[in-house]
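Worksheet: the structure to be examined is printed underneath.
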Amino acid sequence: RRALALRPAARRGALRSGYGGGAARRGRDACRAGRDRRDPVRRQHRARAPRGLDRRLTLSNGAPGSAGRLVLFDIDGTLVHAAGVGRAAIEGAMIEVYGTPGPIDDLPFDGMTDPQIVRTLLRAEGLSEAEIAPGFDRLWPAYAARLQGEIDERRERMRPTPGVPEILDALEAEGATLGLLTGNIVAGAEGKLSAVRLWSRFPFGAFGCDDADRNRLPPIALERAFRHTGTRYGPGRTWIIGDTPHDIECARGSGLSVLGVATGRFSVDDLLRAGADEALPSLRDTGRVMSALASA
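Take the position in the sequence shown, starting the count at 1, then add 415; the result is the number in the working numbering.
Given below as structure tokens:
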């Protein structure tokens, strides 16, 4: 594959947000990477973002006595410690398609969507949107293939974060609906969660390939929850659980409750300052987590 010519280093820009406008929405094509039409779980995951969904979240909170709460989980740092497989796969795929990974060592990925990460790095390297766009669709199959290779090499180092299986069991036992809200594309989410035997726990989700702007993902997740359960979830009945201020901003922008977990780079105090309703050191203490989720 022919790499795109890079702009001179003098034109390289500072790292900045890699999403916006139509370019961001084209990131949805990443959802096509790694699909299997025979798998009904994956068909549910790859449902397109609903047309005309009111992004202001004028959704019903549901009648008393209807199904319980909806809990949407981030993946990296929240559900799983992935041993760097995603970063390595993105770096390799970017070199394969664009000839450069950009200043990847300078960019923390925490809370970013995969398309946002790639565009941020390429723009910092000096590429224009006209130079980025031709390779963007080719990037994601390359990423998915490389990710599986990285997982095969590092599987023994990958693990759920402490307490995750237990809290999923407890939530399911009380009738909660579980879903994903993640910056990963579908193939990335499936690869990482399958490696730690968690993928089957989540029948739907909203992904970085649905929209590169994480703050636009909650309405997509809520609509998919409705398709899956027949229940309209909204503010007051929905929690997002994540380990970064981006997860908190995402929840707050849609009026949803948010539990921060200090299982990544950010402390409990960092997450509370960012606006989390509750923040805990980890998900290890099932009773404490369940009490926190009952507080809203």
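All C-beta atoms in this analysis are idealised placements derived from N, C-alpha and C, irrespective of residue type, glycine included.
Check whether the Cβ atoms of residue i and residue j lie closer than 8 Å to each other.
i, j, result
"Leu698", "Ile519", "no"
"Leu554", "Thr535", "no"
"Val495", "Val673", "no"
"Gly594", "Ala636", "yes"
"Thr528", "Ala627", "yes"
"Leu562", "Val500", "yes"
"Leu596", "Ala559", "no"
"Leu671", "Pro633", "yes"
"Gly526", "Asp685", "no"
Who pairs with residue i in a beta bridge, going by DSSP?
i, result
"Thr644", "None, per the DSSP bridge assignment."
"Leu536", "Per DSSP, none; premise fails for Leu536."
"Val673", "Ile655"
"Asp584", "Per DSSP, none; premise fails for Asp584."
Quick one: is residue i buried, meaning 16 or more other Cβ sit within 10 Å of its Cβ, or exposed?
i, result
"Pro516", "buried"
"Arg484", "buried"
"Ser475", "Note that Ser475 scores a pLDDT of 36, beneath 50, so its modelled location is shaky; the value from the coordinates is reported in the next line. Exposed is the call here."
"Gly702", "exposed"
"Ala707", "buried"
"Glu540", "buried"
"Ala498", "buried"
"Glu587", "exposed"
"Gly651", "exposed"
"Gly598", "buried"
"Glu589", "exposed"
"Ala545", "exposed"
"Ala640", "buried"
Would you grab the beta carbon distance between residue i and residue j for me? Rounded to a whole angstrom, and I think it's under 8 Å.
i, j, result
"Ala585", "Val512", "Their Cβ separation, rounded to whole angstroms, is 43 Å, which puts Ala585 and Val512 out of contact at 8 Å."
"Asp658", "Thr493", "5 Å"
Cβ contact (3+ pairs, closer than 8 Å) linking the segment 678–691 and the segment 644–651: The segment 678–691 and the segment 644–651 do not touch, with fewer than 3 CB-CB distances between them shorter than 8 Å.
The segment 496–505 in contact with the segment 554–574 per 3-pair CB rule at 8 Å: With the cut-off at 8 Å, the segment 496–505 and the segment 554–574 touch.
Touch test, the segment 484–493 against the segment 650–670, Cβ-Cβ under 8 Å, three pairs minimum: Yes: the two stretches touch, three or more of their Cβ pairs being nearer than 8 Å.
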